[in-house]
Amino acid sequence: MRFTLTPGRWYAMELISPEFGPAVRRCSPVRVDGFRPAGDGSGSFELSFFHAAYPEGVQSKLYNIYTLERQEHYLLGREAGQKRLVLFLELTDEWLEKNFDRQALKNFQRMRTEE
395 MRFTLTPGRW
405 YAMELISPEF
415 GPAVRRCSPV
425 RVDGFRPAGD
435 GSGSFELSFF
445 HAAYPEGVQS
455 KLYNIYTLER
465 QEHYLLGREA
475 GQKRLVLFLE
485 LTDEWLEKNF
495 DRQALKNFQR
505 MRTEE
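The numbering of the sequence shown is my numbering, which starts it at 395 and goes up by one.
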């Protein structure tokens, strides 16, 4: 079975891009709000999601993504018109603890319980 993004579920997202300088990547828990395949067999899809690591007020995002690789545990794509790669994984406590400090973890847990 291959990795699938399902509306209403939370995932780990890693953006990989030269725009981030030497750090190369940015991480965020995301809640998928909508998923619409292009329907043309290209592997492209439109994804609307809540970007938890963005400032309040600008957390609702809409990306057009072209799938580069899709395996059992991840989906790797490229955002249309960007150099940015996007990696989606299952959201685990281990991933959260590796990428966020204690305060960010508390804020994220609060977001999830307020749904």
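C-beta atoms are modelled at their ideal positions from N, C-alpha and C, and glycine is treated no differently.
query	result
Residue 466 (DSSP reduced to helix, strand or coil)	coil
Opening and closing residue of the alpha helix (DSSP H) in which residue 496 lies	496-507
Inter-residue Cα distance where the pair is residue 494 and residue 407	13 Å
Secondary structure of residue 409, DSSP reduced to three states	strand
Reference residue 481, options 433, 419, 500, 442, closest by Cα	419
From 468, 501, 460, 424, residue whose alpha carbon lies closest to that of residue 476	460
Three-way DSSP call (helix, strand, coil) for residue 490 in this model	helix
Contact check, residue 456 vs residue 438, beta carbons under 8 Å	no
Paired residues, beta bridge with residue 398 - DSSP	Bridge partners of residue 398: none, in fact.
Under the three-state DSSP convention, the category residue 415 falls into	helix
Proximity below 8 Å, CB of residue 462 to CB of residue 471	yes
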